[in-house]
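S.K.: Sharing a structure here in structure tokens format.
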Ligand SMILES: [Mn+2]
């Protein structure tokens, strides 16, 4: 299934062979950090040196070099890529836009160009893994690919499944039946989990009642639950999620299979993904990158950031759920100096307000505005948020793009109202709701 991707990956190998040093730009989320680590590790094993930088998008400054590799970004920015005087390799899974006219050597590794749905079935990290396998024996990196797959909330089907199977067959990933949850004591896990979001953070009474009804000791470690206990928790979680106006598909993502990484310094794949994500959102990507490179000295810091970030998100959710506004066809939230837009938009769109696309805007002190738009697989069939973000941002002097189900934009504070109006209008046109 990766034959066409591999053709492009071999082109990338030819370019890489001409260089000793590679400059890597990657996205600052879990999938981006995992992709960066996969590429960096494969380069190290080839004896090449590299420098990696983390960006929120390609609108930020990119420095020219002999060879630049873009990971988890690039396909949506043909103008930026075409303007570069460097050799370029793009490893991305966002839908390609426009036409790239490279000045120098160029390889474009993107599942959408190879008949694979990159929005749901191949993360950037899994795409990077396909490249890594052309560069050498990098089968162990299938575990890091899985961290990115989970981080992007993709399904483990199609290409992703093939990568994960590869990891299982080679002993780098262990698959078990059960709930896909973070690690820790049952009580803390239920309270802090964001995927699934269970809305226990400030509802201690409900949490204790939940534990009592299911007959589970909250002090027990989730990984030590018996199959019977796990089934009880799963049923109770399913019931709670159902009562929340959540998207029906969310439970499928939690129940079924859980994954343990045999060679990584965090064994629970969901936990590793959450920690990496938190370091990215906290502008400390090098910590997450270090963990993906199996450097234990970053672990304590990583866990600390995860705890802090997760609590901030829960507090923000509690504060902001009553500030959510309605458009004609969207729901939206305008924050000032908020923690992060992506995670909050994910929880709102999947668990609390799942019947409309959700747009979170964060106005920063410098007047720049970060926008995250989220929906669910079903809604993504009628509304393409990547297109909505791109068009609305372009109309208001910004830039946007992403996936049909999860997209983003960067705009300025003075156009926020116009931007929201345009997003609402475009969502109405696409959906035909209004
Ligand atoms: Mn991604």
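Numbering (this note's numbering), first residue to last: 492 to 925. We put the beta carbon where it would ideally sit given N, CA and C, even for glycine. These figures come from a predicted structure and were not determined experimentally.
1. What's the gap between the Cα of residue 823 and the Cα of residue 817?
2. May I ask which residues mark the beginning and end of the beta strand (DSSP E) holding residue 821?
3. Is the Cβ-Cβ distance between residue 520 and residue 771 less than 7 Å?
4. Could you give the DSSP three-state label for residue 645: helix, strand or coil?
5. Which residue wins for smallest C-alpha separation from residue 877, given the options 865, 779, 794?
6. To which residues of the same chain is residue 687 closer than 7 Å at the C-beta, ignoring the five residues directly before and after it?
7. Closer than 7 Å by C-beta to residue 735: which residues in its own chain qualify, once you throw out the five before and the five after it? Chain order, please.
8. Any chance you could list the residues with Cβ under 7 Å from a heavy atom of ligand 1, keeping chain order?
9. Please list the terminal residues of the continuous alpha helix (DSSP H) segment that includes residue 832.
10. For residue 666, which residues of its own chain have a beta-carbon under 7 Å away from its beta-carbon, when the five flanking residues on both sides are left out?
11. Pull up the CB-CB distance for residue 906 and residue 879, whole angstroms please, since I reckon it's below 8 Å.
12. Verify whether the separation of the beta carbon atoms of residue 589 and residue 569 is less than 7 Å.
13. Identify the continuous beta strand (DSSP E) that holds residue 668 and give its terminal residues.
14. Please tell me whether residue 800 and residue 774 are closer than 7 Å, where the distance is taken between their beta carbons.
15. Quick check: what's the CA-CA separation for residue 826 versus residue 517?
16. At which residues does the alpha helix (DSSP H) containing residue 805 begin and terminate?
17. Our contact map puts residue 511 next to residue 533 with C-beta atoms below 8 Å; I'd like the distance itself, whole angstroms only.
18. Tell me where the beta strand (DSSP E) around residue 561 begins and ends.
19. Quick check: residue 829 and residue 853, are their CB atoms within less than 7 Å of each other?
20. Excluding the 5 residues preceding and the 5 following residue 837 in the sequence, name in chain order all residues of the same chain whose CB lies nearer than 6 Å to its CB.
21. To which residues of the same chain is residue 765 closer than 7 Å at the C-beta, ignoring the five residues directly before and after it?
22. Tell me, to the nearest whole angstrom, how far the beta carbon of residue 650 is from that of residue 623; I am working on the premise that it is less than 8 Å.
23. Inspect the CB distances between the segment 603-611 and the segment 569-579 and report whether three or more fall short of 8 Å.
24. Do the CB positions of residue 874 and residue 921 come within less than 7 Å of each other?
25. State the CB to CB distance for the pair residue 881 and residue 891, rounded to an integer number of angstroms; the pair is presumed to be in contact (CB under 8 Å).
26. Residue ranges of each alpha helix (DSSP H) run of no fewer than 4 residues wholly in the segment 506-561, ordered along the chain?
27. Quick one, which of 896, 625, 759, 692 has its alpha-carbon nearest residue 646's?
28. Please confirm whether residue 529 and residue 613 have their CB atoms less than 7 Å apart.
29. Are the CB atoms of residue 752 and residue 634 within a distance shorter than 7 Å?
30. Give me the Cβ distance between residue 591 and residue 499, rounded to the nearest whole Å; I'm assuming they're in contact under 8 Å.
31. So, with DSSP's three-state summary, where would you put residue 842?
32. Out of 537, 506, 692, 585, state which residue places its alpha-carbon closest to the alpha-carbon of residue 928.
33. Which residue spans inside the segment 730-761 form an unbroken alpha helix (DSSP H) run of at least 4?
34. Smallest Cα separation from residue 545: which of 785, 524, 557?
M.R.: Working from what's here:
1. Approximately 6 Å, taken between the alpha carbons.
2. Where residue 821 is concerned, there is no enclosing beta strand (DSSP E), given that its DSSP letter is neither H nor E.
3. Yes.
4. Correct three-state label for residue 645: coil.
5. The shortest Cα separation from residue 877 among 865, 779, 794 belongs to 865.
6. If the five residues before and after residue 687 are omitted, its C-beta is found closer than 7 Å to the C-beta atoms of 728, 732, 741, 745, all from its own chain and listed in chain order.
7. Answer for residue 735: 690, 842, 843, listed in chain order.
8. Cβ-based neighbours of ligand 1 within the cut-off: 518, 520, 522, 523, 563, 584, 614, 615, 639, 643.
9. Counting along the chain, the unbroken alpha helix (DSSP H) around residue 832 starts and ends at 832-838.
10. If the five residues before and after residue 666 are omitted, its C-beta is found closer than 7 Å to the C-beta atoms of 659, 748, 750, all from its own chain and listed in chain order.
11. The C-beta distance from residue 906 to residue 879 rounds to 15 Å, too long to fall under 8 Å, and the pair is not in contact.
12. When the beta-carbon positions are compared, residue 589 and residue 569 come within less than 7 Å of each other.
13. Following the DSSP letters along the chain, one finds residue 668 inside the beta strand (DSSP E) bounded by residues 664-668.
14. It is not a contact, given that the beta carbons lie outside the stated cut-off.
15. Residue 826 and residue 517: Cα-Cα distance of roughly 26 Å.
16. Looking at the DSSP string, the run of the alpha helix (DSSP H) that includes residue 805 is 790-811.
17. Between residue 511 and residue 533 a beta carbon distance of about 15 Å is seen, past the 8 Å cut, so the two are scored as non-contacting.
18. Unbroken beta strand (DSSP E) run through residue 561: 558-562.
19. Cβ distance < 7 Å, so residue 829 and residue 853 count as in contact.
20. For residue 837, same chain residues with a beta-carbon under 6 Å away, outside a window of 5 residues either side, are 865 in chain order.
21. Listed in chain order, the non-local C-beta contacts of residue 765 below 7 Å within the same chain comprise 673, 797, local neighbours out to five positions each way being set aside.
22. Going by Cβ atoms, the distance from residue 650 to residue 623 rounds to 14 Å, so no, they are not a contact pair.
23. Flag = no, the segment 603-611 and the segment 569-579 do not touch.
24. Less than 7 Å divides the Cβ of residue 874 from the Cβ of residue 921.
25. Contact holds; Cβ gap of about 5 Å.
26. Annotation note: the segment 506-561 contains the following uninterrupted alpha helix (DSSP H) runs of length 4 or greater, listed N- to C-terminal: 521-536.
27. Among 896, 625, 759, 692, the Cα nearest to that of residue 646 is on 896.
28. Contact flag unset, no.
29. Cβ atoms of residue 634 and residue 752: closer than 7 Å.
30. So it is not a contact: roughly 13 Å between Cβ atoms.
31. It is helical.
32. This structure leaves residue 928 out entirely; the chain is present only between 492 and 925.
33. Qualifying alpha helix (DSSP H) stretches, in chain order: 741-745.
34. Out of 785, 524, 557, 524 has the C-alpha closest to the C-alpha of residue 545.
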